[in-house]
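So the sequence shown is numbered by the working numbering: it starts at 96 and just counts up by one. Ideal Cβ placement from N, Cα and C applies to all residues, glycine included.
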Amino acid sequence: LDLKSHDVIYAEEEATVLATTHFLKISRYINGKASVSLNQ
Numbered sequence: 096l097d098l099k100s101h102d103v104i105y106a107e108e109e110a111t112v113l114a115t116t117h118f119l120k121i122s123r124y125i126n127g128k129a130s131v132s133l134n135q
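Pasting the structure below:
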């Protein structure tokens with residue numbers, strides 16, 4: 096196993112997970128704001 100390429104793959108996977116989590120948080124925040132606006 097080439098350690099360097101393994102580290103790169105791991106870092107890319109971690110970045111993808113972080114980006115997805117961040118995107119879901121933003122989506123939830125926007126959806127929350129939207130429902131608050133609709134309820135007023």
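Secondary structure of D97 (DSSP, three-state): coil. One alpha carbon belongs to Y105, the other to D97, and they sit about 12 Å apart. Rounded to whole angstroms, T116 and E107 show a C-alpha spacing of 14 Å.
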